[in-house]
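Numbering (our numbering), first residue to last: 1 to 194.
Structure (structure tokens):
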């Protein structure tokens, strides 16, 4: 399905019927996907040409797990546009809900609709990658890293195992953090785009 087709379908459904997520913050996004007739898959993007991000106002928006990006950051130094993060943020249908659960607004964001914002996202990504490489080279543990425009960040995103422990973030046998991390769009990004 193309993102433009999903946008048309999205406009025809009553988004105020979306459930208010309890423990699983992604529950609302899964509901939106079901309403659009999408099947869950392990593909990088939700659509043939883009991504869906449903979120609650005032919260950061998860982009992708850092573990999936480490080889292209540390080893191959893939440019933003060709990176997993760049591909996920290249063309996005954002669906915003209020804290009450009521639908607020949806919009499409890409280089054509939000050029300056996408340039800043690329700069944030490059800043974060440089800091990850610096810490990796110096055997320093990772922590929350914000891009210079504070639109993109990495921070922890982890659940404990059945044994009550976190799985450490490792790369090439080196421990980078005591738990998993992910790329997130910050609340500053939300304020800028909406």
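Don't be surprised by glycine CBs; every beta carbon is placed ideally from N, CA and C.
Quiz item: Which residues in the same chain have their Cβ closer than 8 angstroms to the Cβ of residue 193, if we skip the five residues on either side of it in sequence?
Solution: If you number the chain shown from 1, residue 193 lands on position 193. So the qualifying residues of the chain are 94, 107, 109, 114, 117.
Self-check item: Selection from 137, 43, 31 that minimises the alpha carbon distance to residue 64
Solution: Translated into the one-based positions of the chain shown, residue 64 becomes position 64. When each option's Cα is compared against that of residue 64, the closest is 43.
Quiz prompt | Residue ranges of each beta strand (DSSP E) within the segment 33-66, 3 or longer | solution = 51-56, 61-65
Quiz prompt | Rounded straight-line distance, which links the Cα of residue 173 to that of residue 5 | solution = For this step, residue 5 is matched to residue 5 along the chain shown. For this step, residue 173 is matched to residue 173 along the chain shown. Between residue 5 and residue 173, the C-alpha separation is close to 43 angstroms.
Quiz item: Per DSSP, residue 182 is paired with what?
Solution: As a working mapping, residue 182 is identified with position 182 in the chain shown. Residue 182 is bridged to 65, 155.
Quiz item: Is any beta-carbon of chain B found at less than 8 angstroms from that of residue 17?
Solution: No chain B is part of this structure, which consists of one protein chain only.
Quiz item: Leaving out the 5 sequence neighbours to the left and right, which residues in its chain are closer than 7 angstroms to residue 48 when beta-carbon positions are compared?
Solution: For the purposes of this step, residue 48 is taken as the residue at position 48 of the chain shown. Counting only Cβ-Cβ distances below 7 angstroms, and skipping sequence neighbours, we find 1, 2.
Quiz item: Any idea if residue 138 is buried or exposed, counting beta-carbon neighbours within 10 angstroms, 16 or more meaning buried?
Solution: Taking the chain shown and counting its residues from 1, one reaches residue 138 at position 138. Answer is exposed; the Cβ neighbour count stays below 16.
Self-check item: For residue 194, three-class secondary structure by DSSP
Solution: Along the chain shown, one-based indexing puts residue 194 at 194. If DSSP states are grouped into helix, strand and coil, residue 194 belongs with coil.
Self-check item: Among 169, 28, 60, nearest to residue 180 - alpha-carbon criterion
Solution: The residue labelled residue 180 in the question sits at position 180 within the chain shown. Checked all of 169, 28, 60; the closest Cα to residue 180 is 169.
Quiz item: Which residues in the same chain as residue 99 place their Cβ atom closer than 7 angstroms to its Cβ, once the five residues preceding and following it in sequence are excluded?
Solution: Stepping through the chain shown from its first residue, residue 99 is reached at position 99. For residue 99, where only same-chain residues beyond five positions count, the Cβ hits under 7 angstroms are 56, 57, 58.
Quiz item: Are there 16 or more other CB atoms within 10 angstroms of the CB of residue 154, so buried, or fewer, so exposed?
Solution: Translated into positions along the chain shown, residue 154 becomes position 154. Per the 10 Å Cβ criterion, buried.
Practice problem: Return the first residue and the last residue of the alpha helix (DSSP H) that residue 110 is part of. | Solution: By one-based count along the chain shown, residue 110 stands at place 110. No alpha helix (DSSP H) holds residue 110; the beta strand (DSSP E) holding it covers 103-110.
Quiz item: For the candidate residues 38, 19, 30, 21, whose alpha-carbon lies nearest to that of residue 9?
Solution: For the purposes of this step, residue 9 is taken as residue 9 along the chain shown, with counting starting at 1. Of the candidates 38, 19, 30, 21, the one whose C-alpha sits nearest the C-alpha of residue 9 is 38.
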